[in-house]
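Visitor: Number 36 in this note's numbering belongs to position 56 of the first sequence; there are no gaps in the numbering.
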Amino acid sequence: MPKFYLTTAIDYSNGDPHLGHALEKIGADCIARYRRLRGDDVRFLMGMDEHSQSVIQAAARAGVTPQAWVDRMAVSFADYWRRLECSNDDWIRTTEPRHARAVTALLGRIRARHPDDLFEAEYEGLYCTGCEEFKTGAQIVNGHCIEHPTLDLIPTKERNHFFRLSRYRDAVLDRIRSGAFAVEPEIRRNEVVRLLEAGLQDISISRQRQPWGIPFPDDAQQTVYVWFDALINYLSATGFPDAGYERLWPADLHVIGKGITRFHCVIWPAMLLAAELAPPRAVWAHGYVQWSGAKMSKTAGTAVTLGEAIDHYGPDALRYYLLREVGFANDGDFTWERFDARYESDLANTFGNLVKRSLDMIHSFRGGIVPRDPRTRAAPLEDAARTAVAAYQRAMDGYELEEGAAQWMDLAARANRYIQETVPWELRKAGKETELDAVLAGLARTVARLAVLCQPFIPATADAVWTLFGPPTPLARVRLADLGEPAVEGRPVAKPPILFPKPRLASA
RNA sequence: GGCGGCGUAGCUCAGCUGGUUAGAGCAGCGGAAUCAUAAUCCGCGGGUCGUCGGUUCGAGUCCGACCGCCGCUACCA
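#1: Beta-carbon within less than 6 Å of C434's beta-carbon, same chain only, minus the 5 sequence neighbours each way: which residues are those?
#2: With a threshold of 8 Å, are at least 3 pairs of Cβ atoms found where one atom belongs to the segment 336 to 353 and the other to the segment 309 to 328?
#3: Along the beta strand (DSSP E) that carries E164, what are the first and last residues, could you check?
#4: For R91, collect the residues of the same chain with a Cβ closer than 6 Å to its Cβ; drop the 5 residues on either side in sequence, then sort them by chain order.
#5: May I ask you to verify whether the segment 290 to 305 touches the segment 34 to 51, counting CB pairs closer than 8 Å and requiring at least 3?
#6: So which of L145, R81, H79 has the shortest CA-CA distance to D96?
#7: Just to check my reading of the structure: A8 and V263 have Cβ atoms closer than 8 Å, yes? What is that Cβ distance to the nearest angstrom?
#8: Kindly provide the ranges of any beta strand (DSSP E) runs that are 3 or more residues long and lie completely inside the segment 280 to 333, ordered along the chain.
#9: If contacts are defined as beta-carbon pairs under 8 Å, then E383 and A375 qualify, I think. What distance do you get, rounded to the angstrom?
#10: Output yes or no for whether 9 Å exceeds the beta carbon distance between W271 and D320.
#11: Is the beta carbon of T(-13) sitting closer than 9 Å to the one on A255?
#12: Pick helix, strand or coil for Q270, following the three-state DSSP scheme.
#13: If you measure between the beta carbons of L286 and L(-1), is that distance less than 9 Å?
#14: Closer than 6 Å by C-beta to P436: which residues in its own chain qualify, once you throw out the five before and the five after it? Chain order, please.
#15: Quick check: W446 and P452, are their CB atoms within less than 9 Å of each other?
#16: Ignoring anything shorter than 3 residues or poking outside the segment 193 to 248, list the beta strand (DSSP E) runs there in chain order.
#17: Less than 9 Å between the C-beta atoms of W71 and L25, yes or no?
#18: Measuring CB atoms only, is the segment 150 to 170 touching the segment 199 to 211, in the sense that at least three cross pairs come out at less than 8 Å?
#19: Ignoring anything shorter than 3 residues, give me the beta strand (DSSP E) runs that lie fully in the segment 23 to 101, in order along the chain.
#20: Could you tell me the distance, in whole angstroms, from the CA atom of Y379 to the CA atom of R408?
#21: Under a three-way DSSP split, which group does H141 fall into?
#22: Rounded to whole angstroms, what is the Cα-Cα separation between H79 and S216?
#23: Select from E65, A309, E288, A160 the residue whose C-alpha is nearest the C-alpha of R299.
#24: Looking only at DSSP bridge pairs, what is E104 linked to?
#25: By a C-beta neighbour count over all protein chains shown, 10 Å radius and 16 as the cutoff for buried, is G422 buried or exposed?
#26: Flag this pair as yes or no: are the beta carbons of Q33 and W192 separated by less than 9 Å?
#27: Checking 9 Å against the spacing of the C-beta atoms, do L86 and L257 come in under that value?
#28: Under a Cβ-count criterion, where at least 16 other Cβ atoms within 10 Å of its own Cβ denotes burial, should R322 be classed as buried or exposed?
#29: Could you pull the start and end residues of the alpha helix (DSSP H) that S158 belongs to?
#30: Figure out for me which residue from R457, H292, R174, A418 has the closest Cα to the Cα of V403.
#31: Going along the chain, which residues of its own chain have a beta-carbon closer than 6 Å to the beta-carbon of F265, five neighbours each way excluded?
#32: Suppose contacts are defined by Cβ-Cβ distances below 9 Å. Is A359 in contact with D390 by that definition?
#33: For S277, does the three-state DSSP call read helix, strand or coil?
#34: Would you mind reading off the limits of the beta strand (DSSP E) that contains K(-17)?
#35: With DSSP collapsed to three states, give me the class of S338.
#36: At the level of alpha carbons, what is the spacing between R147 and A456?
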């Protein structure tokens, strides 16, 4: 059973999560669930980035200590992710001892293997406390960082520890070009390649007068720069430096936002190479959720809160909408109109209705027992299912979640067409019982398969549908390989509920 | 400033190395059906393929310029 270690970016602890955060976690969770369905031994990590200047400020505003503040934020974030059905196996916070230990160990290892990769030098520049970065050029507009126009840039000059990033340009570039390190989608890879081709400067990796951070080894005056610290979380969670971390490392996939590719695709692999550790195998940089075409960021304020979006139709519907409509590669729009449209046409009318009408017919025509299918006739639905599952797998293997969701939905639509073509109620009237058995059994198999295919996207609904069949195997233990012959024939099936009710009709 | 991407039916988008009447989904209109959440199924899309030129027997599909968005990047007063 191949292992699959995937991670999401860890979030800053300075405000409530919004739809953009949610897209990333849901997408990563979808991938994690899909890999489990494939039979991989999945390890899925999420967590919080808690060492930053903004934490001190936010804590001060709230009148609490930084630790109390990050504790509160961690609970808030984790609660949202639970509501959104994230199936992470671990939850790391950069204030945990296991993380500090790993950061210290990694720096020690770099110093041991490549002593001159770490050196001291003077740095001078304008520092943005929002980004935790020094800013230059077009990143500064009207004297403020373009990402954080409400914050003042701090002129800073200090002696810091540096990492000889420039030395690793060729090594990182080679790995990206050869595919050993996959940066996706392609547009992000091209950007990173061009960045590398342009050359790299060495980077400062420590800060003075920044007590809220991990002490820099052998230098009590300094703490580890928050970005350098944060990236290491992926390694900390493997148990590094204790023996056994190699069971998880290297990460198979880092899921991140497109805004932090430089850190994950350039600096992070270079850090690992300097320590003679394997770089990650892949990074997927998703796009942003926009609000009617405009940027929606935590600093700029959001047009819709995550809580509102979840409460509108429930977690499953939001997951589906974000992954299908907004998408996991490019930027996409969140609008209530599109959300409503997807909910009704896809979830309610196509999938929900298919489940209901199929199983209701099994109740009306066969007393709630899925008939045995003699398989004496051609079965167009079986062919459609085989094709759809193959296309679904191709898409999901490439992290094309929109396409995977589309394949699932297309199969449901095909099954609806099948019902119109075969007209089961006419078969009933005409007394063509054998044919009716074949149709109803085929529909039951298809519904069962659809429940499995949508599990990465809408896990709660998938489980509810799967459970209707009173199956011997819980959905969590079902594998894609079992889809050829779902064990539903001859089994009693429960009365199907209305899966995605329309509030519009209930209130009318 | 450099590099790159996008601009195709009301909406979201497919259209690979140029070649029959430019496609899908949603919405809308008409019809069928009644197992089902008035759900489903069938039929209906004449859109200057951002603009203007060019290459070609032939261009959303290649080249150039321009317009409008957007991304990455640059020690630009």
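All C-beta atoms, glycine included, are put in the ideal place defined by N, C-alpha and C.
Guide: Judging by the given coordinates:
#1: W388, A442
#2: no
#3: 162 to 164
#4: Contacts found: L98.
#5: The segment 290 to 305 makes no contact with the segment 34 to 51: fewer than 3 CB pairs, one atom from each, lie closer than 8 Å.
#6: L145
#7: Cβ atoms of A8 and V263 stay farther apart than 8 Å, at about 12 Å.
#8: 312 to 314, all fully within the segment 280 to 333.
#9: 4 Å
#10: no
#11: no
#12: Strand.
#13: yes
#14: C10, R13, Y14
#15: no
#16: 199 to 204, 233 to 237
#17: yes
#18: no
#19: 70 to 73
#20: 44 Å
#21: Strand at H141.
#22: 5 Å
#23: E65
#24: K137
#25: buried
#26: yes
#27: Yes, Cβ-Cβ distance for L86 and L257 is below 9 Å.
#28: When all chains shown are included, R322 counts as buried.
#29: 149 to 158
#30: A418
#31: Correcting the residue type first, residue 265 is Ala in the shown sequence and not Phe. Cβ neighbours of A265 beyond the five flanking positions: R168, I236, K238, T241.
#32: no
#33: Since pLDDT at S277 reaches only 49, below the 50 mark, its modelled position is unreliable, and no value is offered.
#34: Note, K(-17): beta strand (DSSP E), -17 to -12.
#35: The answer is helix: DSSP assigns S338 an H, G or I state.
#36: 46 Å
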